[in-house]
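These notes concern the structure reproduced below.
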Amino acid sequence: MGSIPSPDPIRLAILVTDEPLPSVVAKLGRFDAIFTSLFRAACESLDPPEPLESQLALTAHDVVGAGDAAYPDPDTIDAVLITGSRYSAYADDDWIVRLTAYTRRLLDEGRVRVIGVCFGHQIVARALGAEVARSPLGWELSVTELELTEEGKRVFGADSLKIYQTHHDAVLAYPPSVIPLARTELCPTQGMYVPRRLITVQGHPEFSQFMMTEMLRVRHAAGIIPDGPFEDAMRRATDKHDGVAIGRAFLRFLWE
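Position 53 of the sequence shown, counted from 1, bears residue number 53 in the working numbering, the numbering being contiguous throughout.
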């Protein structure tokens, strides 16, 4: 991929919807730092490489349990990224309802672009009127290959992708207003796209092997993930994944 013209960096607000495990925070930082690392790697993988600061001006906003004041004024930003979370996007907690309403406002107004990752993907779907619920097919975990649609192949610049997964909730059907990007057997709604408005993925391009294995061990020890899915996921946790390629797709979306 060639260099992206950038007269001024895109002002991207990261809406932080959870806290990583303490061991992950100690090694990698919180989710805003983890996504910053992903975007830095994506910028460095451009041809020629670009410094992150020439492409993006990042800010972080913790919206868990927060009121309206936690959200950036849409007039001061160009895009938002909604992170993953342990919480359920279909819940009616005040902050989740507020986040859904804010996302719907951005999509309705049409100027500020929206990126959704995992929980963020589900929040975008909910804002568009789709049903989000506990997946009837169970957990989807660890490095998983996506079957891309033709538009997905174009958007991601690849014939297939592998991405870390960690979800038991899912978007049950795509909203009619979006372009589907990918599917798997366990989750047919893996990504959504509307040019210059939104892009989402159900998986985690920002995850690393360390993050995945820490999450698996902690949730398995707590009885959240059963033995079978845990053992299968651990076997695939060291597989190659395409997080940086997805980061580049996010950059292309922001500059299109």
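Note that the Cβ used here is the ideal one computed from N, Cα and C, for glycine as well.
The residues Thr149, Tyr174, in chain order, have a CB closer than 6 Å to that of Pro180 in the same chain once the five nearest residues on each side in sequence are set aside. Within the same chain, Leu137, Glu140 come within 6 Å of Leu186 by CB-CB distance, once the 5 residues on both sides are set aside. Here the alpha carbons of Arg134 and Ala170 stand approximately 6 Å from one another. With a cutoff of 8 Å on beta-carbon distance, Val178 and Leu107 are scored as not near each other.
Distance from the Cα of Tyr71 is smallest, within the candidate group Glu44, Phe250, Thr17, Ile246, for Thr17.
Bounds of the alpha helix (DSSP H) holding His121 are 119-127. If you compare the alpha carbons of Gln55, Pro74, Leu99 with that of Arg111, the shortest gap goes to Pro74. For the options Glu147, Glu145, Met211, Tyr193, the alpha carbon positioned closest to that of Glu256 is the one of Tyr193.
Inclusion of Ala245 and Leu161 in the CB contact set at 8 Å is warranted, their separation being smaller than that value. Between Thr184 and Thr144 a beta carbon distance of about 6 Å is seen, short of the 8 Å cut, so the two are scored as contacting. Burial state of Pro7 is exposed, judged by a 10 Å Cβ sphere holding fewer than 16 other Cβ atoms. Inclusion of Val155 and Ala249 in the CB contact set at 8 Å is warranted, their separation being smaller than that value. Per the coordinates, the alpha-carbon of Ala57 lies some 30 Å from the alpha-carbon of Ser142. By the Cβ rule, the stretch 25-36 counts as touching the stretch 50-69, because three or more pairs are nearer than 8 Å.
By the neighbour-count criterion, in which a residue is buried when 16 or more other Cβ atoms sit within 10 angstroms of its Cβ, Pro205 is buried.
Take the alpha-carbon of Asp92 and the one of Val80: they are about 22 Å apart.
A distance of 8 Å or more separates the beta carbons of Gly243 and Ile115.
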